[in-house]
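Residue numbers (the working numbering), protein chains in the order written: chain A, 928 to 1262; chain B, 8 to 280.
Yeah, the Cβ is synthetic: ideal placement off N, Cα and C, and Gly gets one too.
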Amino acid sequence: MNGLETVRPVNATGPRGTAGSRDPGSAPVIEIRGLRKAFRGHLGFGRTVAVERLDLAVRPGEIFGLLGPNGAGKTTTFKMMLGLLRPDRGEIRLFGRLPTDPAARARLGYLPENPYFYDYLTATEFLDLYGRLQGLGAAARRATIASTLTRVGLVGREHTALRKFSKGMVQRLGLAQAIQHDPELVILDEPMSGLDPIGRREVRDLILSLRAAGRTVLFSSHILQDAEMICDRVAILAHGRLRSEGRLDELISDKVEWFEVSLRGSLADPAGARLVSGDGRQSLWRLDDVEALTEFMVRARDAGVEIVSVWPKRQTLEDLFLDRIERGRRPEGAR
Amino acid sequence: MKTAAAGAQALPRSALPRAQAAIRAIALNTFREAIRDRVLYLLLVFALALIALSRLLSLLTVGNEEKIIKDVGLSAISLFGVLTSVFVGVSLVFKEIERRTVYTLLANPVRRWQFVTGKFVGLLAVLAMNLSLMSLALFGILWLRGESTWALLPGLVLILVELAVITAFALLFSSITNPILAALMTFAMYVMGHLSWSLMLLKAKLGSSASALACDLVYWVMPNLQRLDIKAAVVHGLPLAPGQFFFALTYGSCYALVVLALACLAFERKDFN
């Protein structure tokens, strides 16, 4: 199968003047204020709060990652953005309009989590159906279907019924319907789900190419490494509440938190160092600051022990994510 | 790769052509879904077999062979049409929700009423196609015997109108409840629609004015499907009352549209959890 094609003309100003306007002053593409959604429990008893007091703004031309564990409220938030669910409280605006307004939805493309599409259709029939619903004329549909299938790596599958597609191919076709009408905003719910490492890299590249062409991308993911690699800004959601939001470089400190040193051999009880693991032939140590590291390396040299590697450890998105989720579990006063 | 050019095509055009395009696209997809479903073919084969059987049944009777063929044929067309409209109609919306295909459909600039209307039009097209195929089979048998078939046409048209009413109910109920309950409720409307005359008998036997008023209310609200049933008249060549066909046609069409509007309203209020 061909890879996702990401090489495409980069329009400096974008089709509607939105390209690259990632500055905080520009009007948000998505604006969410005080959003709340609760669901009735089994047999109508009790209520489960899915989203609570959510405020969010996604600016034009940025890649925004909505992160959170299962049940955090990401998909519920997406559904409210698309008008599939009505919020109990709060307001959502897409391009300044309500999500129920078709004029707002005409400017977005959406890929749901674990998509299932009409398996009796061929790939071409499927994209033709969505092209019609997206308002593309017959000539535009003819022009786009082949090129979009090329772009998502489904060349040669034009006339294959979707029932014969693998999960990864369905995911690619889902991406195709989300981007074929060249929308200004692309909302992707777990777009890497079901893809192998190559497929994940291709989707990452596709998202980056969308940003390069001036589009705005909002996506949710469990895979923090992907988010860390491509997001301009992220929001961490847990138990329906926003735990953190901002630019990655603001949220994740560039400061070295500690050092990990790997030795061929071991040292007996060095001061300021903590043994992480070791079997006599190799050992891994944690050192909390530069002074301790310097002293440790001098001791290792004096003892004739080979230093295999020294890793400065910085905070990762995963560290931040786990910290925020953990804080979310604690009672209000203990945070 | 198209970029801005194709994107500009996606900008909202005027409301009416957009609505028509969305309804047409969903109707076409519904039609494709139904005609690629094996269950439909199974029903169609059974119906065609029953129509063919009417020829055998006519041989077992003395005289009036033509009327037996017409009667059994029209009844088979009506019965299999109702079965198709109930089971396919109920599953159409449910499958879209269950498989979450409705999420991507409604994420597009499509209004919910356009989605329901598209489903209705698509299924009606399937029912019309089935009805045409079954009618051709019946006409074929009658033509072989040198019988006239044109008199059956008003009966066939009203069968299609009745199927439109049933389909609208199937869409309404499948928008508010699970498919089993929706199928039962749709069947209940079909049965009640053919027995609504019994409410007038009940009213005559009830003393209190409140009960009589309730009978009147239910009688006028429930579909009167008997008005659409002129099979006996067309089979036996009985004359229809002046305007009877057009009145039935108008009544059934308006009733189907009202139920369809209710289905759209119910779907409009639905949350997709």
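- In this structure residue 270(B) touches residue 179(B) by the C-beta definition: roughly 4 Å separates them, less than 8 Å.
- The shortest C-alpha to C-alpha distance from residue 1250(A) to any of 995(A), 1002(A), 968(A), 963(A) is the one to 995(A).
- Comparing alpha carbon positions, the residue from 275(B), 28(B), 154(B), 134(B) closest to residue 174(B) is 134(B).
- Counted as a single uninterrupted DSSP element, the alpha helix (DSSP H) harbouring residue 223(B) occupies residues 216-228.
- Per DSSP, the beta bridge partners of residue 1209(A) are 1191(A).
- Around residue 1039(A), the beta-carbon contacts reaching into chain B at under 7 Å are 107, 110, 111.
- Proximity to residue 1253(A) across 1072(A), 986(A), 1087(A), 1164(A) peaks at 1164(A), based on C-alpha coordinates.
- Secondary structure note for residue 990(A): its beta strand (DSSP E) is the uninterrupted segment 990-994.
- Below the 8 Å Cβ cutoff, chain B contributes no neighbours of residue 1024(A), its closest Cβ being approximately 11 Å away.
- DSSP places residue 1155(A) inside the alpha helix (DSSP H), whose first and last residues are 1151-1157.
- Per the coordinates, the alpha-carbon of residue 241(B) lies some 14 Å from the alpha-carbon of residue 146(B).
- At a beta-carbon threshold of 8 Å, none of the residues of chain B lie near residue 1164(A); the nearest stands roughly 18 Å away.
- Of all residues in the region 25-59 of chain B, only 25, 28, 29, 32, 36, 39, 40, 43 come within less than 7 Å of chain A when Cβ atoms are compared, listed by chain position.
- Where residue 972(A) is concerned, there is no enclosing beta strand (DSSP E), because DSSP gives it neither an H nor an E.
- Chain A places a beta carbon closer than 9 Å to that of residue 280(B), counting this residue as a contact.
- The Cβ neighbour count for residue 1065(A), taken over all protein chains shown within 10 Å, is under 16; the residue is labelled exposed.
- Taking 8 Å as the upper bound for CB-CB distance, residue 1175(A) and residue 1244(A) are in contact here, some 7 Å apart.
- Assignment of beta strand (DSSP E) within the region 223-265 of chain B, counting only whole runs of 3 or more residues, yields no such run.
- Neighbours of residue 1050(A) in chain B, taken as residues whose beta carbon is under 7 Å from its own, are absent, since the nearest beta carbon is some 14 Å off.
- Rounded to whole angstroms, the Cβ separation of residue 1167(A) and residue 1033(A) is 29 Å, and the two are not in contact under 8 Å.
- In this structure, the alpha-carbon of residue 1230(A) lies about 34 Å from that of residue 1246(A).
- Annotation for residue 59(B): no beta strand (DSSP E) segment contains it, though the alpha helix (DSSP H) segment containing it runs 45-67.
- The bridge partners DSSP lists for residue 1162(A) are 993(A), 1172(A).
- Among the CB atoms of chain B, one or more fall inside 9 Å of the CB of residue 1060(A).
- Less than 9 Å separates the beta-carbon of residue 985(A) from that of residue 958(A).
- Contact of residue 1006(A) with chain B by beta-carbon distance below 7 Å involves 279.
- By the rule that beta-carbons nearer than 9 Å mark a contact, residue 1029(A) touches chain B.
- Residue contact check for residue 100(B) against chain A: no CB pair falls below 9 Å.
- For residue 1116(A), the three-state secondary structure derived from DSSP is strand.
- Ranked by Cα distance from residue 1000(A), the options 1149(A), 1199(A), 1234(A), 1190(A) are led by 1149(A).
- Look at the beta carbons and you see the region 1000-1011 of chain A touching the region 1104-1118 of chain A: at least three pairs across the two are nearer than 8 Å.
- Inter-segment contact for the region 1186-1193 of chain A and the region 1202-1214 of chain A is present: three or more beta-carbon pairs are separated by less than 8 Å.
- DSSP, read as helix, strand or coil, puts residue 1017(A) in strand.
- Note on residue 1057(A): 16 or more other CB atoms within 10 angstroms of its CB, so buried under the neighbour-count rule.
- Non-local beta-carbon contacts of residue 1189(A) in its own chain, meaning distances under 6 Å to residues more than five positions away in sequence, involve 1211, 1235, 1236 in chain order.
- The three-state secondary structure of residue 31(B), taken from DSSP, is helix.
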